[in-house]
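Numbering (our numbering), first residue to last: 533 to 836. Ideal placement from N, C-alpha and C gives every residue a C-beta, glycine not left out. Please read these numbers as outputs of a predicted model, since none were measured by experiment. Have a look at the structure below, then the notes.
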Ligand code: NDP
């Protein structure tokens, strides 16, 4: 005979330990609950950001330092034992209204409410050595100021993000080359601003083949379909991949896999970059997490 052991039921499980998840946990704890934060081994996106200089009140610090401060604050408020490694593979809504979270290792958690703050990863170019190149970045507002006054930067991508990044960086450096592998698909308003900006050169049909660090803190960008470029840095803005595959049966996802609609009356909440926000910023995710923490606490209080 097989004896199945029911998992201990948590009031609130928060998935994700970035700014959204940890902020949600602090608010839920201060509202009288004892949330469990679960995350995969991958670090939060903020921990991999070189520099953050726009989180009000904190001045200039690395993304890693900011994430360490957030984790320390979270542990002080919620307790170190309330955070575990648990990579969620699926979430199931049960007939009694509670949730079951299954891990990739076959473990199960049960919860009355869930906040999904698992974020999104920037899509990578897929070139050799990509993860080790210091001059390669995925966020102009995070890392752009490091290049202030430099002669030349490269931006890769043809969507709204890439054009916004190119416009932002053109305020800081002498020249920006925007490499677009096919055609530009950014909205017309952004394309108009692009055409009006004499500092930005757009190269269509250009695909980055390799980026190599050379002397003087510069990189050599090998481009299929165009000449090589020497620049101080390369900003990759070719979309994000949301960590949403385990929640496809709980929420409505948009065509890119971000959350489109969620029924919060069911006890399932989402916060942070998973929402497909246009501005992927730590401070926005933290605010979004605070809101989800308050709303999930209200939901739990109404159950009693
Ligand atoms: P998109 O998916 O819209 O665009 C991605 C771009 O990257 C495309 O030009 C695509 O080319 C290119 N690309 C994809 N993979 C590669 C690759 N391996 N090598 C080179 N190029 C590649 O992503 P965005 O992040 O720009 O936008 C995501 C969503 O967010 C969109 O809905 C956008 O409208 C929205 N957004 C809105 C903003 C605003 O309203 N201000 C600001 C930022 C984003 P291809 O066309 O060939 O596939």
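Contact check, residue i vs residue j, beta carbons under 7 Å
i	j	result
residue 651	residue 590	no
residue 625	residue 631	yes
residue 570	residue 540	no
residue 716	residue 690	yes
residue 647	residue 814	no
residue 736	residue 712	yes
residue 695	residue 718	yes
residue 568	residue 545	yes
residue 809	residue 794	no
residue 820	residue 560	no
residue 596	residue 579	yes
residue 657	residue 753	no
residue 672	residue 790	no
residue 659	residue 763	no
residue 816	residue 774	no
residue 604	residue 804	no
residue 697	residue 642	no
residue 670	residue 705	no
residue 708	residue 734	no
residue 801	residue 824	yes
residue 623	residue 637	no
residue 565	residue 832	yes
Buried versus exposed call for residue i [16 or more other C-beta atoms within 10 Å across all chains shown]
i	result
residue 710	buried
residue 675	buried
residue 548	buried
residue 721	exposed
residue 772	buried
residue 601	exposed
residue 836	exposed
residue 581	buried
residue 542	buried
residue 668	buried
residue 777	exposed
residue 838	The requested residue 838 does not occur in the structure, where the chain is confined to residues 533 to 836.
residue 779	buried
residue 599	buried
residue 533	The predicted position of residue 533 is uncertain, since its pLDDT is 47 and thus under 50; a value taken from the coordinates is nonetheless stated next. It counts as exposed.
residue 760	exposed
residue 644	buried
residue 556	buried
residue 550	buried
residue 799	buried
residue 538	exposed
residue 666	exposed
residue 812	buried
residue 558	buried
residue 738	buried
residue 834	exposed
residue 701	buried
residue 661	exposed
residue 693	buried
residue 765	buried
Opposing strand residues paired with residue i [DSSP bridges]
i	result
residue 790	According to DSSP, residue 790 bridges with nothing at all.
residue 774	652
residue 751	745 and 763
residue 797	DSSP lists no partner for residue 797.
residue 809	In DSSP, residue 809 forms no bridge with anything.
residue 547	570 and 648
residue 542	643
residue 732	708
residue 785	791
residue 740	755
residue 802	648
residue 768	688
7 Å Cβ cutoff, residue i in contact with chain D
i	result
residue 724	No chain D appears in this structure, which consists of one protein chain only.
Residue i beta carbon near ligand 2 (any heavy atom closer than 6 Å)
i	result
residue 781	What this structure holds is ligand 1, not ligand 2.
* Along the chain, which unbroken stretches of the alpha helix (DSSP H) at least 4 residues long are found entirely within the stretch 561-644? -> The qualifying runs are 595-610.
* **Runs of alpha helix (DSSP H) wholly within the stretch 659-729 (minimum 4 residues, chain order)** => Fully contained in the stretch 659-729 are the following alpha helix (DSSP H) runs of length 4 or more, in chain order: 672-675, 692-702 and 720-727.
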